[in-house]
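Reviewing the structure listed below.
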């Protein structure tokens, strides 16, 4: 199952990265017009003028920018609820933190701020959480109370849980005991303890649709033992990848049909890429990341005409090095009115649109043996695509298959972060560049996927 999932992931990365988004001048103008209306609406709700700079600042709190949003609807959903000018929608904040309006004002004043410094409820929540955490003094009896709590946890789990067990669990999330000021904060972060009789594993039924027996069988099949786990979150982190394999296969079966890939083609791709993986060393992986870093220099251009001859040569060099690493021969052709016409790499590189025609991408190994081909239609080009291929590769193993993250932020020494949903970006991209980027990420992405899975199991 794992091998098939890797091959299918290779396909989906190829498909979605060769389909760039054409953000035309009309679309750009439409966004700016909608954004201006959004600012007017937010200003009216907030009770004072909200500017583009205010929006950019709010986005920066989550390491995001305005350029990364395709529509104002996406932006609005990300930023969330606006603080009403009369403050009537802050009732839940007062209840959650057990503070009054006056106490909120005093808390902000202590930190050189007022309520008028905030536009969105989420941002205010984040600030209040951080400021209140800063007031907490570390429990002087932390170690003593930890031992008391460990006895309670041991009773629930059914075996002795030690300080070392807690340290190991925290290490999964790059945390340490020193980052927590109270025992309650520590165990809020660690989450629910698995009960001795395993009666509280219904979470996995709700999320993954498997009962206890099916879960235990899956763990045994993959060399995992339930007795090695204390917290549900830790178990979830380790088995998540197995279920992602299953869901990937189900979801991609539709894509296989849509793009005309046969099972024989999938088998050939699988065999080819796995043969590359078996001989790939750390030096080659480092080469891939270096190439990805070089790709990121091109993230801001729209069309090939904006590149200097030197930059164009650099981009083509990156492409050729990637194809060499993954031992592929790639052929492009345009299909129009039933006629197929070969398309050179240079011609593809300079394409800016795909109208009344389809793009055919054929993949071969270095021996000239056919692996697979797929058809990208003009209609598909208008769909959303992956963004910033170089960054996806450079960010290492977290991008292809992100592991579950802690949803309760209670580490006391860092700024609590409000979890924001990822948004697809608003970009204006060259079609040929999108196709090249897609081919660059095919194998890099699936290699990182495989590396992530191995790392997860080692933990």
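In mature numbering (1 follows the signal peptide of the UniProt record, and there is no 0), the protein residues as written are -23 to -1, 1 to 436. Glycine is no exception: its CB is placed at the ideal position from the N, C-alpha and C atoms. Source: prediction; values computed, not measured.
| said: Please classify residue 337 as buried or exposed, where buried requires at least 16 other C-beta atoms within 10 Å of its C-beta. | reply: By one-based count along the chain shown, residue 337 stands at place 360. With 16 or more other CB atoms across the displayed protein chains lying within 10 angstroms of its CB, residue 337 is buried.
| message | For a minimum of 4 consecutive residues, which ranges assigned as the alpha helix (DSSP H) are wholly contained in the segment 127 to 194? | response | 140 to 148, 160 to 167, 179 to 185
| request: Would you kindly work out how many angstroms separate the C-alpha atoms of residue 109 and residue 79, rounded to a whole number? | output: Here residue 109 corresponds to residue number 132 of the chain shown, with the count starting at 1. Here residue 79 corresponds to residue number 102 of the chain shown, with the count starting at 1. Looking at the two C-alpha atoms, the distance is approximately 15 Å.
| task | Please report how far the alpha carbon of residue 319 lies from the alpha carbon of residue 272, in whole angstroms. | result | Stepping through the chain shown from its first residue, residue 319 is reached at position 342. Stepping through the chain shown from its first residue, residue 272 is reached at position 295. A straight line joining the alpha-carbon of residue 319 with that of residue 272 spans about 26 Å.
| query | Can you pull the DSSP bridge partners for residue 347? | reply | Taking the first residue of the chain shown as 1, we reach residue 347 at position 370. For residue 347, which the question treats as bridged, DSSP gives the partners 341.
| message | On the criterion of 16 or more Cβ atoms from any shown chain inside 10 Å, does residue 343 qualify as buried, or is it exposed? | response | The residue labelled residue 343 in the question sits at position 366 within the chain shown. It is exposed - the Cβ of residue 343 has fewer than 16 other Cβ atoms within 10 Å.
| message | Just list the residues that DSSP pairs residue 302 with in beta bridges. | response | One-based indexing of the chain shown puts residue 302 at position 325. Paired residue(s): none; residue 302 is not in a bridge.
| said: Let me check understanding here. Comparing Cα to Cα, which of 156, 251, 133, 262 lies closest to residue 209? | reply: As a first step, residue 209 is located in the chain shown; it is residue number 232 there, counting from the start. The candidate whose alpha carbon is nearest that of residue 209 is 133.
| task | Consult DSSP for residue 113 and reduce its assignment to one of helix, strand or coil. | result | Counting from 1 along the chain shown, the entry for residue 113 is found at position 136. Reduced to three states, the DSSP call for residue 113 is coil.
| task | Select from 137, 219, 167 the residue whose C-alpha is nearest the C-alpha of residue 149. | result | The sequence position of residue 149 within the chain shown is 172, counting from 1. The option with the nearest alpha carbon to residue 149 is 167.
| said: Need the endpoints of the beta strand (DSSP E) that residue 318 sits in, please. | reply: Numbered from 1 along the chain shown, position 341 holds the residue referred to as residue 318. Annotation for residue 318: the continuous beta strand (DSSP E) segment containing it runs 316 to 320.
| request: Taking residue 207 and residue 175 to be in contact with their CB atoms under 8 Å, please state how far apart those CB atoms are, rounded to whole angstroms. | output: Numbered from 1 along the chain shown, position 230 holds the residue referred to as residue 207. Numbered from 1 along the chain shown, position 198 holds the residue referred to as residue 175. Contact flag wrong, Cβ pair sits at about 13 Å.
| field | Alpha carbon of residue 292 to alpha carbon of residue 270, nearest angstrom | value | For the purposes of this step, residue 292 is taken as the residue at position 315 of the chain shown. For the purposes of this step, residue 270 is taken as the residue at position 293 of the chain shown. Each residue's Cα considered, the two are about 12 Å apart.
| task | Report the rounded CA-to-CA distance for residue 74 versus residue 141, giving the unit in angstroms. | result | Translated into the one-based positions of the chain shown, residue 74 becomes position 97. Translated into the one-based positions of the chain shown, residue 141 becomes position 164. The alpha-carbon atoms of residue 74 and residue 141 are separated by roughly 32 Å.
| request: Alpha carbon to alpha carbon, how far is residue 248 from residue 262? Give it in angstroms, no decimals. | output: Numbered from its first residue, the chain shown carries residue 262 at position 285. Numbered from its first residue, the chain shown carries residue 248 at position 271. So the alpha carbons of these two residues sit roughly 19 Å apart.
| message | Under DSSP, the alpha helix (DSSP H) around residue 89 begins and ends at which residues? | response | If you number the chain shown from 1, residue 89 lands on position 112. Element bounds for residue 89: n/a, residue is neither H nor E.
| query | Residue range of the alpha helix (DSSP H) that residue 26 falls in? | reply | Residue numbering aside, residue 26 sits at position 49 when the chain shown is read from its first letter. No alpha helix (DSSP H) contains residue 26, which DSSP labels as neither H nor E.
| query | Considering residue 70, what are the terminal residues of the alpha helix (DSSP H) in which it resides? | reply | Counted from its first residue, the chain shown places residue 70 at position 93. From DSSP, the alpha helix (DSSP H) with residue 70 extends over 68 to 74.
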